[in-house]
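See structure below.
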Amino acid sequence: MVTVSDKDEVQAFKLSVENEAHFETIKKDKRSRVQDTAITAEALLPDGPYNLWKGGETSRRVKNLAGAFAQLPHLPKMLKSQAIVETLVEGCVQGTFVLKLTRPDRTFRTWWRMRPDDAALNDPAMELVLPESAELGEISGDLLAPKTLADLWPGDEITVQAVIDYFDGKKVVQVDRGGFTEPVPVPKAAAEVVNAAVNDAVEAGKVWLLSGPASLLAEPIPKGVLTPTATLRVPPTPVSAASILPENLPTAWQDGATTALAIATALSQQAGYTLPWKTVRDVIGGAISARFVALADDSAP
2 MVTVSDKDEV QAFKLSVENE AHFETIKKDK RSRVQDTAIT AEALLPDGPY
52 NLWKGGETSR RVKNLAGAFA QLPHLPKMLK SQAIVETLVE GCVQGTFVLK
102 LTRPDRTFRT WWRMRPDDAA LNDPAMELVL PESAELGEIS GDLLAPKTLA
152 DLWPGDEITV QAVIDYFDGK KVVQVDRGGF TEPVPVPKAA AEVVNAAVND
202 AVEAGKVWLL SGPASLLAEP IPKGVLTPTA TLRVPPTPVS AASILPENLP
252 TAWQDGATTA LAIATALSQQ AGYTLPWKTV RDVIGGAISA RFVALADDSA
302 P
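Numbering-wise (the numbering used here), the sequence shown opens with residue 2 and increments by one.
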């Protein structure tokens, strides 16, 4: 067997061939340095074992990191270069680092805790950026759902300002790595980027927003309602269809009839806060489907 050593020198050694496939025998011999198992994302960071970064670097081209294993003799010989790219993608999804693609006009897209599309991954300008040095251009609204990001939701509600502070570029969270925890910096994001993510999260029904008299879930946030003091809550528990029957919600009924507004008001009084229209709409729809109630003949559809 002839190969190149980790010192970039020609190396020859003998192999004892048995009944298994020859290539399997080669892979098992440590001198071949052939690796078909996955490399962890953490191993590709500056403090990893492969010495892929120069002092002071905070970003590297993805194509250069992936190609390094085919070019540098001290690195393991990876059977599939695409496996390195997938490791980088997995690291991005885990929040270990940020992927960034700068356009010719200097605007940029970023991905953090989400998978880039294939077109972006294949772009030679795609960069890996260390989270402590990155600034996000967008945040997925899904990430703001309760209990998704470490230390964002200490309870059942937070303010919008708390989300803005979370992305101030100074936050470091402890992430469970399966048996041990590791400090991971949270990338920086401007307030308008955070607000866009909040809007997406509320519209998608991931979080419930309360701001003054407004109570919004699964609908766009009107202009002027989203303020730093607005509260984000875990979406309310669905109300059972039977809960709006006259015997269970008498204050909403008069002479055997009621309105959606009366039901919304009575349910909100019971709950102690203004329920979002989605919750009221769903319980009314459920009661109609269950034939607990019926629309009046002169009711709007």
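Glycine included, every Cβ here is placed at the ideal spot set by N, Cα and C.
Legend entry - I165 - containing alpha helix (DSSP H), residue span: One-based indexing of the sequence shown puts residue 165 at position 164. It spans V161 to Y167 - the alpha helix (DSSP H) in which I165 sits, taken as one unbroken run.
Legend entry - Proximity below 8 Å, CB of G142 to CB of A191: Sequence index remark: in the sequence shown, residue 142 carries index 141 (1-based). Sequence index remark: in the sequence shown, residue 191 carries index 190 (1-based). In this structure, A191 does not lie closer than 8 Å to G142 by Cβ.
Inset, instruction - Sort out for me which residues DSSP pairs D177 with in a bridge. - result: Within the sequence shown, numbered from 1, the residue matching residue 177 stands at position 176. In DSSP, D177 forms a bridge with T182.
Inset, instruction - Measure the alpha-carbon distance for A291 versus V284 and round it to whole angstroms. - result: Locating residue 291 in the sequence shown gives position 290, counting from the first residue. Locating residue 284 in the sequence shown gives position 283, counting from the first residue. So the alpha carbons of these two residues sit roughly 10 Å apart.
Inset, instruction - Please name the residue, chosen from R282, K189, I159 and D124, that lies closest to V208 on a Cα-to-Cα basis. - result: Stepping through the sequence shown from its first residue, residue 208 is reached at position 207. It is I159.
Legend entry - 8 Å Cβ cutoff, L89 in contact with chain B: Here chain B cannot be found, since the structure has a single protein chain.
Legend entry - Short Cβ contact (8 Å threshold) for V63 with L89: To locate residue 63, count along the sequence shown from 1; it is residue 62. To locate residue 89, count along the sequence shown from 1; it is residue 88. Yes, the Cβ-Cβ distance between V63 and L89 is below 8 Å.
Legend entry - Cβ-based neighbour list, K194, same chain, cut-off 7 Å, excluding 5 preceding and 5 following: Here residue 194 is taken as the residue at index 193 of the sequence shown, counted from 1. Inspection of the sequence shows that residue 194 is occupied by Val rather than by Lys. If we look at V194 and ignore the five residues flanking it on each side, its Cβ neighbours are L137, G138, E139 and I140.
Legend entry - CB contact flag (L102, D124, <8 Å): As a working note, residue 102 is residue 101 in the sequence shown. As a working note, residue 124 is residue 123 in the sequence shown. Yes.
Legend entry - Segment limits, beta strand (DSSP E) that includes V240: Position 239 of the sequence shown, counting from 1, holds the residue named residue 240. Here V240 belongs to no beta strand (DSSP E), and DSSP marks it neither H nor E.
Legend entry - DSSP state of A205 mapped onto helix, strand, coil: By one-based count along the sequence shown, residue 205 stands at place 204. DSSP places A205 in coil when its eight states are reduced to three.
Legend entry - Residue interval of the alpha helix (DSSP H) (run including L102): In the sequence shown, the residue the question calls residue 102 occupies position 101. Taken as a continuous stretch (DSSP letters only), L102 belongs to no alpha helix (DSSP H), being part of the beta strand (DSSP E) at V99 to T103.
Inset, instruction - Would you check if the segment 158–172 and the segment 226–240 touch, i.e. whether three or more CB-CB distances between them fall below 8 Å? - result: yes
Legend entry - Boundaries of the beta strand (DSSP E) in which V359 is found, first to last residue: No answer is possible for residue 359: the residues shown for the chain start at 2 and end at 302.
Inset, instruction - Entirely within the segment 107–149 and at least 3 residues each: give me those beta strand (DSSP E) ranges in chain order. - result: 109–112 and 128–130
Inset, instruction - Would you identify the three-state DSSP class for T88, choosing helix, strand or coil? - result: As a position in the sequence shown, residue 88 is number 87, starting the count at 1. Three-state result, T88: helix.
Legend entry - Residues near P223 by beta carbon distance below 6 Å, same chain, minus five either side: In the sequence shown, the residue the question calls residue 223 occupies position 222. Cβ within range, chain order: n/a, list empty.
Inset, instruction - Indicate the three-state DSSP secondary structure (helix, strand or coil) for S269 in the structure shown. - result: The count along the sequence shown starts at 1 and reaches residue 269 at position 268. Helix at S269.
Legend entry - Burial state of R61, where buried means 16 or more other Cβ atoms lie within 10 Å: Position 60 of the sequence shown, counting from 1, holds the residue named residue 61. Buried: at least 16 other Cβ atoms inside 10 Å.
Legend entry - I289 classed as buried or exposed, judged by whether at least 16 other C-beta atoms fall within 10 angstroms: What you label residue 289 is simply residue 288 of the sequence shown in a count that begins at 1. Answer is exposed; the Cβ neighbour count stays below 16.
Legend entry - Secondary structure of E220, DSSP reduced to three states: Locating residue 220 in the sequence shown gives position 219, where the first residue counts as 1. Correct three-state label for E220: coil.
Legend entry - Contact check, V226 vs T280, beta carbons under 8 Å: Within the sequence shown, the letter at position 225 stands for residue 226. Within the sequence shown, the letter at position 279 stands for residue 280. No; because the gap between Cβ atoms is not below 8 Å, this pair is not in contact.
Legend entry - Reference V185; option with closest CA among D166, I245, W113 and G96: On the sequence shown, position 184 is the one that residue 185 refers to. Considering only alpha carbons, the answer is G96.
Legend entry - DSSP three-state assignment for S60, whether helix, strand or coil: Locating residue 60 in the sequence shown gives position 59, counting from the first residue. S60: strand per DSSP, three-state reduction.
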